[in-house]
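Single-structure report; data block below.
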Amino acid sequence: MRIAVFGTGSVGRAIAARTVELGHQVTIGTRDVATTRAGEYAAWAAQHPEVGLATQADAAVDADLVVNATSGDGSLPALTAAGAANLSGKIVLDISNPLDFGAGFPPTLSVHNTDSLAERIQREFPQTKVVKSLNTLTAELMVRPRQLADGAHSVFVSGDDAEAKRIVTELLVSFGHTDVIDLGDISTARGVEMLLPLWLRLYGRLDTAMFNIKVVR
Numbered sequence: 090m091r092i093a094v095f096g097t098g099s100v101g102r103a104i105a106a107r108t109v110e111l112g113h114q115v116t117i118g119t120r121d122v123a124t125t126r127a128g129e130y131a132a133w134a135a136q137h138p139e140v141g142l143a144t145q146a147d148a149a150v151d152a153d154l155v156v157n158a159t160s161g162d163g164s165l166p167a168l169t170a171a172g173a174a175n176l177s178g179k180i181v182l183d184i185s186n187p188l189d190f191g192a193g194f195p196p197t198l199s200v201h202n203t204d205s206l207a208e209r210i211q212r213e214f215p216q217t218k219v220v221k222s223l224n225t226l227t228a229e230l231m232v233r234p235r236q237l238a239d240g241a242h243s244v245f246v247s248g249d250d251a252e253a254k255r256i257v258t259e260l261l262v263s264f265g266h267t268d269v270i271d272l273g274d275i276s277t278a279r280g281v282e283m284l285l286p287l288w289l290r291l292y293g294r295l296d297t298a299m300f301n302i303k304v305v306r
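The numbering used here numbers the first residue of the sequence shown as 90 and each following residue consecutively.
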């Protein structure tokens, strides 16, 4: 596939590097290409010359799938910068979390219970096919799940479009995920986003991000 990844941080880089490794054509989308190239991203880019860099609009226009790996408060601005027309008909794999650091650490959720960030994205861009997934894992486990318990842990997908979820699930399986659970429509993203307070406290208690939840049934 042609994949656009929004987000130049550790999550976006992990997704970009892994998808290129698997044979996809990948472009990272950023607000300001020159500024991004001049920053600390440059060292990573030198090691991954096959990953393109473009504005969010240019990255999205020819993409089959757009990965939203921005921070939660940056998600809607990034997608807006990409342009609704460039996103129309596309799958948007949303792996962001609506974290609010206004009161320090640990963060709270800026949206919860009766709504989710994924639902807000779907409402804002109704011509896209939003699929929520991977937000309950640290970046390395998102793309290389077999580093932990040989991949015997769970990941979730939520979304209104069955074919979009099938395509995302195939991508997850190609990463190495062995237990992909379809939770249902996009409203079920509320549940996985609300796992983040638990995830953060486990992270603090375990002193490592290399853990995940396994649904035993």
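Don't be surprised by glycine CBs; every beta carbon is placed ideally from N, CA and C.
Below 8 Å, too few C-beta pairs join the region 112 to 121 and the region 234 to 248 to call them touching: fewer than three. DSSP places S99 within a helical segment (H, G or I) once states are collapsed to three. Per the coordinates, the alpha-carbon of P196 lies some 25 Å from the alpha-carbon of V304.
Here V156 really is in contact with I184; their C-beta atoms are around 7 Å apart, less than 8 Å.
Within the same chain, and ignoring the five residues on either side of L237 in sequence, the residues whose Cβ sits closer than 8 Å to its Cβ are L230, M299, F300, N301.
Residue state for L291 is assigned as helix, using DSSP reduced to three classes.
Judged by beta-carbon spacing, V122 lies within the 7 Å limit of L142, meaning their Cβ atoms are closer than that value. For L291, the closest alpha carbon among the candidates D162, S160, T225, T125 is that of T225.
No residue range can be given for F194, since it is assigned to no alpha helix (DSSP H) and is classified by DSSP as neither H nor E. With fewer than 16 other Cβ atoms inside 10 Å of its own Cβ, T124 counts as exposed.
The beta carbons of A228 and A132 sit no closer together than 7 Å.
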